[in-house]
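J.:
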Amino acid sequence: MDWYSQPSSSGTADWNSQNYSDVKRKLITANHILHQQGVVDAYGHISVRCPGAPDRYLMCGYMAPGIVTSPDDLIEYWVKDSSPVSPNAKKGYSERFIHGEMFKRFPAVNCVVHSHAEAVLPYVTSGVPLLPVFHMAGFLGNDVPVFDIGTLYSPGDQQDLLVRDSRLGSALAAKFSADGAETPDHAVVLMRRHGYSTHGKDIETAVYRAIYTKVNAGVQTNAMLLRSALPSFGPATEAKFELEPLTDDMCRGCTVMNEGTQDKPWKLWAAEVEKSSLYINRG
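Numbered per my numbering, the sequence shown spans residues 192 to 474.
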């Protein structure tokens, strides 16, 4: 069997054994990568569970991900209620509950990403399902759930679509798995009229999924546009094959390959942001 058929995992075997300073530096790099790859702009965010302290998580304060520069820009929160660990903490993201509730529900999740990537927005506004259409996005599976926050509002609520409390964060986290399950069934959940959220056992996995969800969405949109334009070439021009997503078996096989090789793009993405004058990492 060749290496790509059964690659060794590229992730960290024991999250809690990692050096906290190294994780902070990698989190800063991840913020820069997500910005450089167009997954986040001034909005969107990434968090990590604190190694050795699973009841806490870490993310940057109220600032654009691309300009996070040092550990001083990061804030620790309690998983139990997403309140800051320090009473003197600076202003943070109102949507940190996306992250806190994911960490609370799923002990094996150590990184969470939330994005409004433009390529994905048609799939949270049109009702067209997002499907895995090429091998780098097998992790999507063939049933990407949709979270509709509009169904959870009560009269008098500020209906700004933000996940700004534990109740809404818990409802979003529940979309990742069946009731009571401690392991997510889904890698990505779309958020109607808003964006999407994803996760991973480590930073590399979550960043890979966030980026290739965006890439897959762009490929699917272009494929559907081409297919709809085909009749304009006349009846003599026919499609060579059907526009179909990966099969379930393909999704499973590609996910094994994706997770075993995601260290390769991470090294490239990290090198790209390190060479850019915009991104500064004093971690």
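Each residue gets a CB set at the ideal place from its N, CA and C atoms; glycine is no exception.
All values reported here derive from a predicted model rather than from experimental measurement.
1. Across which residues does DSSP place E267 in a beta bridge pair?
2. Suppose the cutoff is 7 Å on Cβ atoms and the five residues either side in sequence are ignored; what does the same chain contact list for Y344 look like?
3. Could you pull the DSSP bridge partners for K275 from this structure?
4. Assign E429 to one of two classes, buried (16 or more other C-beta atoms within 10 Å of its C-beta) or exposed (fewer than that).
5. Given this structure, state the Cα-to-Cα distance separating H223 from L321, to the nearest angstrom.
6. Going straight from the alpha carbon of W206 to that of P336, what length do you get?
7. So if DSSP puts C442 in a beta bridge, which residue, or which two residues, is it bridged to?
8. Within a Cβ cutoff of 7 Å, which residues of the same chain sit near M293, ignoring the five residues on either side of it in sequence?
9. Taking all protein chains shown into account, do 16 or more other C-beta atoms lie within 10 angstroms of the C-beta of G477, making it buried, or fewer, making it exposed?
10. Taking just the CA atoms, how far does V311 sit from I394?
11. Between P256 and G283, is the Cβ-Cβ spacing less than 9 Å?
12. So for G318, helix, strand or coil by DSSP?
13. Compute the Euclidean distance between the alpha carbons of P375 and K392, then round it to the nearest angstrom.
14. Go ahead and pull the three-state DSSP assignment for V230.
T.: According to the data block:
1. Along the sequence shown, read from residue 1 onward, the residue named residue 267 stands at position 76. Partner(s): L249.
2. Start at 1 with the first residue of the sequence shown, and residue 344 comes out as number 153. If we look at Y344 and ignore the five residues flanking it on each side, its Cβ neighbours are Q350.
3. Taking the sequence shown and counting its residues from 1, one reaches residue 275 at position 84. Residue identity differs from the one stated: residue 275 is Pro in this sequence, not Lys. Answer is Y268, bridged to P275.
4. Along the sequence shown, read from residue 1 onward, the residue named residue 429 stands at position 238. Flag for E429 reads exposed.
5. On the sequence shown, position 32 is the one that residue 223 refers to. On the sequence shown, position 130 is the one that residue 321 refers to. The straight-line gap from Cα to Cα measures roughly 26 Å.
6. The residue given as residue 206 occupies position 15 in the sequence shown. The residue given as residue 336 occupies position 145 in the sequence shown. If I take the Cα positions, the gap works out to 27 Å.
7. The residue labelled residue 442 in the question sits at position 251 within the sequence shown. Checking the DSSP bridge columns, you'll see C442 has no partner listed.
8. If you number the sequence shown from 1, residue 293 lands on position 102. Once the five neighbours on either side are set aside, the close Cβ partners of M293 are V300, V303, A364, H390.
9. Only positions 192 to 474 of the chain appear in the structure, and residue 477 is not among them; the question remains open.
10. The residue labelled residue 394 in the question sits at position 203 within the sequence shown. The residue labelled residue 311 in the question sits at position 120 within the sequence shown. About 21 Å.
11. Translated into the one-based positions of the sequence shown, residue 256 becomes position 65. Translated into the one-based positions of the sequence shown, residue 283 becomes position 92. In this structure, G283 does not lie closer than 9 Å to P256 by Cβ.
12. Sequence index remark: in the sequence shown, residue 318 carries index 127 (1-based). Residue state, collapsed to three classes: coil.
13. Walking along the sequence shown from the start, residue 375 turns up at place 184. Walking along the sequence shown from the start, residue 392 turns up at place 201. Rounded to the nearest whole angstrom, the CA to CA distance from P375 to K392 is 11 Å.
14. Along the sequence shown, one-based indexing puts residue 230 at 39. It is coil, neither helix nor strand.
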